[in-house]
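> Number 858 in my numbering belongs to position 262 of the sequence shown; there are no gaps in the numbering. One structure follows; several queries about it will come next.
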Amino acid sequence: MMAAMQNKVAIEPPVGVMARAWAKAVCSEPGSSTSPAKLEPVLIDIVERLLHLARTEPFPVPQARALGARLAEAPFERTRMLAHASRWLLGFPSGVPGSLVATRWPLVASQAIDSYAQALQERALAQQEENLSAKVSLRVQEIAALQHRLQHEATHDALTDLANRTLLQERVRAFAADPTRGVGVLVVDLDRFKQINDGYGHAIGDEVLVELAHRLREVCPPDTVICRYGGDEFVVAANPRRDTLSELANLVVAALRDPVWSSAGPVPVSASVGTAFCPPGVPCDFTDLLRRADRAMYSAKSAGGRRFALADTGEAAAG
597 MMAAMQNKVA
607 IEPPVGVMAR
617 AWAKAVCSEP
627 GSSTSPAKLE
637 PVLIDIVERL
647 LHLARTEPFP
657 VPQARALGAR
667 LAEAPFERTR
677 MLAHASRWLL
687 GFPSGVPGSL
697 VATRWPLVAS
707 QAIDSYAQAL
717 QERALAQQEE
727 NLSAKVSLRV
737 QEIAALQHRL
747 QHEATHDALT
757 DLANRTLLQE
767 RVRAFAADPT
777 RGVGVLVVDL
787 DRFKQINDGY
797 GHAIGDEVLV
807 ELAHRLREVC
817 PPDTVICRYG
827 GDEFVVAANP
837 RRDTLSELAN
847 LVVAALRDPV
857 WSSAGPVPVS
867 ASVGTAFCPP
877 GVPCDFTDLL
887 RRADRAMYSA
897 KSAGGRRFAL
907 ADTGEAAAG
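Here is the structure:
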């Protein structure tokens, strides 16, 4: 009985003691980011299982490789651990030379190490693929955002961020395609805006334009398109009923009547508005519609400004 126990001790060395010493040595090296307390229990478990395979399995390769793959998990997931673990496992004194365990150990250990290396490589490739996928996804988002910005810049005024002429014409065509509603256009021209530029400077003039664009957004319905058509001229297009077009024009005149508080102080403003309407079911020529609204605007301006005029009647109404 005593001889059998001594033989067992000789064949199966104190794994825990050796694993503890190895873990301390590895963790003492510069750049180590783990602790012996994390390495030791994992290594002991793997080695004891490999020793069991060497003792009991006539063909231990699949099981040894499965155990080796486990080493690729924490805390052995860093590639630098592969060399340390490989040297230790291959040099591990598995038993008395010539014994069954000692004879099988090189096969068991090498298969575990090979599987460990393969698992690390697969993990690294998966991480690279994930990183690449994330970069591609980010790049796609950046390109989409750039395309959106370029599209926005191509269809909007740089100063006021209102629609430009291109977008205005597109929206009017869309309005005209609705057979149930007509198309209404308002031409808005600021009164005496040249005096503002001459008296206050173009920078203040720009502040005025930005503020008036903001006011137009506030009073116009959500489905309305508001365009900065020229320097101090705006065009508003909508799908209104004929009887509501004058209501909208009145709101616009009122919104552009109060002084603008600029960095130079209050700037008096007002606007003349001309409207034109194309009934539903009637072919809508945008150029003609705009020309009629423009003539009505000049009628309002000739009447003293600060008012609107309807193209169909030519009568000017103070807002």
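Positions of the beta carbon are idealized from the N, C-alpha and C atoms, including for glycine.
Give the single residue among Phe672, Gly694, Val781 and Asn835 whose Cα lies nearest to the Cα of Thr883.
For this step, residue 883 is matched to residue 287 along the sequence shown. The option with the nearest alpha carbon to Thr883 is Val781.
> Rounded to whole angstroms, what is the Cα-Cα separation between Pro836 and Glu726?
Working through the sequence shown from its first residue, we reach residue 836 at position 240. Working through the sequence shown from its first residue, we reach residue 726 at position 130. Going by the C-alpha atoms only, they are around 53 Å apart.
> Examine the Cβ distances between the region 818 to 832 and the region 777 to 793 and report whether three or more of them are shorter than 8 Å.
Judged by Cβ distances under 8 Å, the region 818 to 832 makes contact with the region 777 to 793, as three or more pairs qualify.
> Return the chain-ordered list of same chain residues with a C-beta closer than 7 Å to the C-beta of Ala650, the five sequence neighbours on each side being excluded.
On the sequence shown, position 54 is the one that residue 650 refers to. Pro656, Ser690, Val697, Arg700, Trp701 and Val704, listed in sequence order.
> Going by DSSP, what residue range makes up the beta strand (DSSP E) through Thr871?
Within the sequence shown, numbered from 1, the residue matching residue 871 stands at position 275. Thr871 -> beta strand (DSSP E) spans Ala867 to Cys874.
> In terms of residue numbering, what span does the alpha helix (DSSP H) encompassing Arg811 cover?
Counting from 1 along the sequence shown, the entry for residue 811 is found at position 215. Note, Arg811: alpha helix (DSSP H), His798 to Val815.
> Based on DSSP bridge pairs, tell me the residues matched to Phe830.
Translated into the one-based positions of the sequence shown, residue 830 becomes position 234. Note: Phe830 sits in a beta bridge opposite Val784 and Arg824.
> Can you have a look at Ala708 and say buried or exposed, based on whether 16 or more other CB atoms are within 10 angstroms of its CB?
What you label residue 708 is simply residue 112 of the sequence shown in a count that begins at 1. Flag for Ala708 reads buried.
> Is it buried or exposed, Ser868, if we count other Cβ atoms within 10 angstroms and call 16 or more buried?
Counting from one through the sequence shown, the residue named residue 868 turns up at place 272. Its Cβ being crowded by 16 or more others within 10 Å, Ser868 is buried.
> Could you spell out where the beta strand (DSSP E) holding Arg674 opens and where it closes?
Residue 674 sits at position 78 when you count from the first residue of the sequence shown. Note, Arg674: premise wrong, no beta strand (DSSP E); not H, not E.
> Given a cut-off of 8 Å on the beta-carbon distance, is the pair Arg925 and Val821 in contact?
Nothing can be reported for residue 925: it is not among the residues displayed for the chain, which extend from 597 to 915.
> Can the beta-carbon of Tyr796 be found closer than 8 Å to that of Ala851?
Counting from 1 along the sequence shown, the entry for residue 796 is found at position 200. Counting from 1 along the sequence shown, the entry for residue 851 is found at position 255. The answer is no: Cβ separation not under 8 Å.
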